[in-house]
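Notes follow the structure.
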Ligand SMILES: *Cc1c(COP(=O)(O)O)cnc(C)c1O
């Protein structure tokens with residue numbers, strides 16, 4: 004019996020529950036999905052013969068094989084018994100938790116039909132579901148769903164690659180045009196200015212100066228030889244053309260480094276922007292990096308900001324970055340802005356509701372400004388409570404969605420019927436799209452229901468932080484914490500950072516060895532987080548004798564942390580564990 008008043012919570016009907024509380028009716032829904040699958044086969048082409056006759060279904064061979072399959076399936080289920088239990092509120096380790104029922108039902112239904120949403124030829128329903136689900140996510144982040152374009156990906160990493168691919172495509176067009184005009188007509192060439200002319204100016208110049216496709220192709224680094232084109236640019240400018248740079252904040256996900264590597268940019272072109280003492284991108288430093296690129300004549304291929312960092316869930320000042328880029332547009336400099344909202348995109352569901360106040364005003368402003376970017380990454384398989392693998396890449400309009408493709412003319416349009424032309428991946432499952440679609444149709448991606456679940460996670464992080472401080476542990480929470488992730492180190496006042504790092508990592512390994520709570524750890528590097536680490540160590544009067552900062556990391560996204568019974572029982576248990584593990 005609950006000793007608390009039973010306040011209804013939308014999440015109750017949307018998750019199985021840590022004790023399979025909703026098991027009986029959920030079984031019925033899964034049964035309905037299977038029945039539909041069976042009936043579909045029976046009723047379609049009803050006159051076709053059975054392929055596996057009743058007699059064959061009782062043959063010795065048949066029964067033996069069925070036995071083998073059944074046995075191995077049971078073995079698999081036994082193995083799964085020791086899988087990491089991510090459904091329980093005791094799992095506060097990584098960005099994953101209990102899956103929602105609409106997501107599971109949607110995923111499972113599509114799985115049985117197995118559409119390949121790469122093309123409408125192999126996925127009629129799945130492909131339509133993808134467009135509708137993308138429109139829902141686009142609306143969530145503030146894009147106009149009629150203009151926005153996008154598709155589902157294997158995850159956030161792929162979605163980030165999609166952004167770089169498109170940004171490079173736009174940059175390559177602009178630079179090719181400028182090179183043609185420099186070589187053919189003797190125009191002055193400034194690679195930085197030329198690369199950022201934007202699509203509108205590109206189209207105007209191309210038409211006005213009558214530059215044909217063949218000429219553009221011959222001057223393209225992507226379609227031609229990048230080294231010889233670079234040499235031609237260098238010749239026209241009297242200085243070595245060193246290629247574009249990718250500007251990411253120091254709090255970026257490591258997928259950006261992979262992107263730089265994959266697109267052949269070289270480490271020298273992968274530019275980090277230092278963070279401020281709160282762990283968000285330093286705006287002054289960012290402006291300086293853009294200036295530096297300009298001085299070197301190196302275009303900015305793509306500028307990334309992060310909404311919901313992987314380490315601490317922090318939200319960069321996306322609005323202020325957008326302001327900075329708008330000011331540059333006044334000087335005809337259009338820099339591609341991509342918001343990596345793989346984790347934090349779903350915080351937008353808070354906006355417009357009473358619960359949005361769990362976020363500070365600056366973070367709300369930042370989330371509202373995601374819609375000002377060219378493109379965005381969202382991971383439904385993180386805060387969307389959708390099964391793996393499900394990421395999404397969305398652009399604000401059709402222009403930004405253009406990507407290079409084979410066969411198609413140099414300037415090709417995003418063809419909604421043939422996604423394979425404009426996705427990095429080939430074959431794609433429709434399961435993630437359907438999981439997202441059914442979630443959007445039921446929980447919705449706004450403040451009414453979904454936002455309340457998200458708000459509950461942030462509130463749980465706040466309550467837990469207070470409990471941690473009241474429990475007389477050595478915990479020093481990283482501050483500020485913008486969302487539902489709590490990071491803390493274990494330090495005594497005045498102590499050396501090296502000692503506290505050791506203790507924190509030691510306690511982490513003890514948590515690892517005792518599975519009654521799953522937590523994660525993160526080590527912030529001085530290179531990116533120097534100012535924040537300084538600030539953190541100063542908060543307990545510590546001595547900075549080490550570069551990096553080790554932290555325990557707790558992610559509060561399990562919806563049942565909002566349940567007072569869960570919270571009242573688990574919080575003291577966690578505190579006791581933490582105290583037991585902290586031996587010195
Ligand atoms: C998780 C994450 C990614 C990568 O997403 P995957 O789905 O793991 O490929 C990228 N950026 C951020 C901010 C993330 O949190």
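In this note's numbering, the protein residues as written are 4 to 587. Note that CB positions come from ideal geometry on N, CA and C, so glycine has one too.
Proximity below 9 Å, CB of residue i to CB of residue j
i: residue 238; j: residue 271; result: no
i: residue 343; j: residue 307; result: yes
i: residue 318; j: residue 347; result: yes
i: residue 389; j: residue 435; result: yes
i: residue 394; j: residue 384; result: yes
i: residue 2; j: residue 94; result: Not covered by the structure: residue 2. The range shown for the chain is 4 to 587.
i: residue 221; j: residue 198; result: no
i: residue 311; j: residue 486; result: yes
i: residue 489; j: residue 506; result: no
i: residue 556; j: residue 314; result: yes
i: residue 193; j: residue 251; result: no
i: residue 335; j: residue 211; result: no
i: residue 289; j: residue 273; result: no
i: residue 133; j: residue 116; result: no
i: residue 366; j: residue 166; result: no
i: residue 484; j: residue 468; result: yes
Residue(s) in a DSSP beta bridge with residue i
i: residue 273; result: 249
i: residue 378; result: 341 and 398
i: residue 521; result: 94
i: residue 231; result: BP columns for residue 231 are empty, so no partner.
i: residue 278; result: 284
i: residue 499; result: 546
Residue i, DSSP secondary structure in three states
i: residue 87; result: coil
i: residue 119; result: strand
i: residue 257; result: coil
i: residue 81; result: helix
i: residue 526; result: strand
i: residue 422; result: helix
i: residue 18; result: strand
i: residue 531; result: helix
i: residue 134; result: helix
i: residue 103; result: strand
i: residue 432; result: strand
i: residue 384; result: coil
i: residue 390; result: coil
i: residue 356; result: coil
i: residue 511; result: helix
Pairwise C-alpha distance: residue j and residue i
i: residue 49; j: residue 42; result: 10 Å
i: residue 532; j: residue 337; result: 29 Å
i: residue 567; j: residue 349; result: 24 Å
i: residue 120; j: residue 438; result: 14 Å
i: residue 411; j: residue 216; result: The predicted model places residue 411 with a pLDDT of 43, which falls under 50 and marks its position as unreliable; any figure quoted below should be read in that light. Whole-angstrom Cα-Cα distance: 12 Å.
i: residue 463; j: residue 180; result: 54 Å
i: residue 582; j: residue 111; result: 42 Å
i: residue 40; j: residue 441; result: 18 Å
i: residue 21; j: residue 491; result: 27 Å
i: residue 96; j: residue 523; result: 5 Å
i: residue 386; j: residue 373; result: 17 Å
i: residue 188; j: residue 171; result: 25 Å
i: residue 500; j: residue 330; result: 42 Å
i: residue 206; j: residue 549; result: 54 Å
i: residue 447; j: residue 106; result: 12 Å
i: residue 285; j: residue 538; result: 15 Å
i: residue 74; j: residue 28; result: 28 Å
i: residue 471; j: residue 309; result: 28 Å
i: residue 428; j: residue 122; result: 12 Å
i: residue 408; j: residue 482; result: Confidence is the limiting factor: at residue 408 the pLDDT is only 49, short of 50, which leaves the residue's position unreliable, though a coordinate-based value still follows. Looking at the two C-alpha atoms, the distance is approximately 45 Å.
i: residue 320; j: residue 369; result: 5 Å
i: residue 234; j: residue 278; result: 36 Å
i: residue 219; j: residue 183; result: 7 Å
i: residue 300; j: residue 191; result: 13 Å
i: residue 56; j: residue 521; result: 50 Å
i: residue 263; j: residue 570; result: 43 Å
i: residue 298; j: residue 291; result: 10 Å
i: residue 151; j: residue 136; result: 12 Å
CB contact check: residue i to chain B, cutoff 9 Å
i: residue 305; result: Among the chains in the structure shown there is no chain B, since it carries only a single protein chain.
- Task: Quick one: which unbroken beta strand (DSSP E) runs of 3-plus residues sit fully inside the region 533-574? Chain order, please.
- Result: 552-558
Q) At which residue ranges does the region 136-224 contain complete alpha helix (DSSP H) runs of 4 or more residues, listed in the order of the chain? A) 159-188, 194-198, 201-211 and 216-221
Complete alpha helix (DSSP H) runs within the region 450-497 (minimum length 4 residues, chain order):
453-473
- Query: Fully enclosed by the region 280-340, which alpha helix (DSSP H) runs are 4 residues long or longer?
  - Reply: 286-299 and 321-332
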